Amino acid sequence: MKNNLIKMTVIASALFVSACTQYTPSMMSTSTAQLSNTTTMEQVPLAYINDATLSDLASHYKAHGTSALDLTMTFDPKSKSFTAMNAVHKLKHITADLKKKNVVNVTTQTAAIEKGTPSLLISYDMVQALAPLGCDLMPGLESSDTTRFIPDYKFGCSKETMLARQIARPKDLLGNDAMDDAGGRRAAIVTDGYKGGVPRAPIEGIERGDLAAN
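Just so we're on the same page, the working numbering is the position in the sequence shown counted from 1, plus 1076.
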């Protein structure tokens, strides 16, 4: 009886140890939204260029743009109604309108295309926030597809995906450098007096009491 009890204790201990050392992959996602860098290109016929079009462009560029906004106005070199000079003037008007919408980093050029319809070619680098890498929405959340095996879903993916869609200015996640590539010595030199314990000389000038006396 005693031997059987010892054997049962040893077996139970072995099972307990194996259960403690067993690794179970987590069903929770700890990833956050990822940033995707792409280049957007669009062609807008001259007839469709208006204030609404430029407002949409400015809004999207300010939220996503990470490079200069490149604008190319095409024209037919044999056309007498929309010439190269007309293309230059049109670009000036567009640039002025964009400046009013706080878009100033703009480069412009013209391009001659025979028998082509005058159009504005728009191109700039952009960043957008996407769902975390390897994340899918919960089955049935946006569609009727519920056949996907639920253990394959990482809890938290849907939340992070929804949050990524709500980021109004994804390029803000890239940060903003407070200084350029210049050295910081010139800016830091003003602290040398404090470091050396040298008293600051009084600022000379007219004081309020002097003004009252006059």
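The C-beta atom is built at its ideal place from N, Cα and C for all residues, glycine as well.
These figures come from a predicted structure and were not determined experimentally.
Straight-line gap, residue i to residue j (C-alpha atoms, nearest Å)
i, j, result
"Lys1166", "Pro1194", "11 angstroms"
"Tyr1124", "Leu1196", "9 angstroms"
"Lys1175", "Asp1248", "21 angstroms"
"Leu1250", "Lys1168", "31 angstroms"
"Ser1135", "Pro1153", "33 angstroms"
"Met1118", "Thr1186", "Checking the sequence shown, residue 1118 turns out to be Glu, not Met. Approximately 15 angstroms, taken between the alpha carbons."
"Ser1219", "Ala1139", "29 angstroms"
"Asn1126", "Glu1280", "57 angstroms"
Neighbourhood of residue i by C-beta, 7 angstroms cutoff - its chain only, sequence neighbours within 5 removed
i, result
"Ser1234", "Leu1213, Met1214, Leu1217"
"Ala1240", "Ala1109, Ala1205, Leu1206, Ala1207"
"Gly1232", "Met1104, Ser1105"
"Glu1190", "Asp1152, Pro1153, Lys1154"
Status (buried if at least 16 other CB within 10 Å, exposed otherwise) for residue i
i, result
"Phe1151", "buried"
"Gly1192", "exposed"
"Gln1242", "exposed"
"Gly1273", "exposed"
"Gly1141", "buried"
Check whether residue i and residue j have beta carbons under 8 angstroms apart
i, j, result
"Ser1143", "Asp1201", "yes"
"Ile1170", "Leu1130", "yes"
"Leu1133", "Ile1198", "yes"
"Val1182", "Leu1147", "yes"
The beta strand (DSSP E) enclosing residue i, as first and last residue numbers
i, result
"Thr1150", "1145-1151"
Cβ-based neighbour list, residue i, same chain, cut-off 6 angstroms, excluding 5 preceding and 5 following
i, result
"Phe1158", "Phe1151, Pro1194"
Where the alpha helix (DSSP H) through residue i begins and ends
i, result
"Ala1134", "1127-1140"
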